[in-house]
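Residue numbers (the numbering used here): 26 to 177. Using N, Cα and C, we set each Cβ at its ideal position, and we do this for glycine too. Down below is the structure, laid out as structure tokens.
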């Protein structure tokens with residue numbers, strides 16, 4: 026479901042912790058650990074009955090590298106007309122602002138994801154929406170680590 030998160034997990038397990046898992050399996054198969062992302066990850070952020078330990082992959086990356094992790098980035102085709110690119114960029118910034126404004130109007134947890142608004146605020150404060158030098162370094166480092174994993 027989230028190839029970047031899966032690859033980050035593999036990098037952290039193999040290169041940070043020096044562990045070679047027996048196999049990566051689906052959630053329906055017997056397993057010792059489980060990767061949960063998005064709403065499912067937020068819903069179980071304090072652990073599961075048989076899996077009490079939780080780790081935030083982004084936080085683990087930061088502890089290891091002192092760099093922010095880039096899970097995704099918006100890109101545009103180089104042949105896109107300049108005016109179309111400007112409209113798209115403006116739409117993205119407007120949507121981001123509307124989303125951020127909406128966070129402050131959240132009054133309580135939803136049925137889908139029982140997370141208190143203060144936790145949502147804390148969580149979203151760690152998200153970055155611009156690629157700068159630290160993010161570029163992080164992307165390059167992650168690509169290098171993926172290359173190392175490809176050779177193992």
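Paired residues, beta bridge with residue i - DSSP
i	result
residue 76	73
CB contact flag (residue i, residue j, <8 Å)
i	j	result
residue 212	residue 97	The first residue shown for the chain is 26 and the last is 177, placing residue 212 beyond what the model contains.
residue 44	residue 38	yes
residue 163	residue 60	no
residue 36	residue 154	no
residue 95	residue 160	yes
residue 86	residue 40	no
residue 68	residue 79	no
Heavy atom of the ligand NAD within 7 Å of residue i beta-carbon
i	result
residue 164	The model on display carries no ligand, and the ligand NAD is accordingly not part of it.
For residue i, the first and last residue of its enclosing alpha helix (DSSP H)
i	result
residue 103	Careful: residue 103 lies outside any alpha helix (DSSP H) and carries neither H nor E.
residue 165	158–175
residue 43	Premise fails: residue 43 is in no alpha helix (DSSP H) and is neither H nor E.
residue 28	28–36
residue 88	82–90
Residue from the options with nearest C-alpha to residue i
i	options	result
residue 113	99, 72, 84, 166	99
residue 77	101, 58, 152	58
residue 65	86, 56, 81, 54	81
residue 126	166, 41, 145, 111	145
residue 84	158, 151, 156, 166	151
residue 166	143, 73, 89	89
Three-pair Cβ contact test at 8 Å for the segment 45–64 versus the segment 102–121: No: the two stretches stay apart, fewer than three of their Cβ pairs being nearer than 8 Å.
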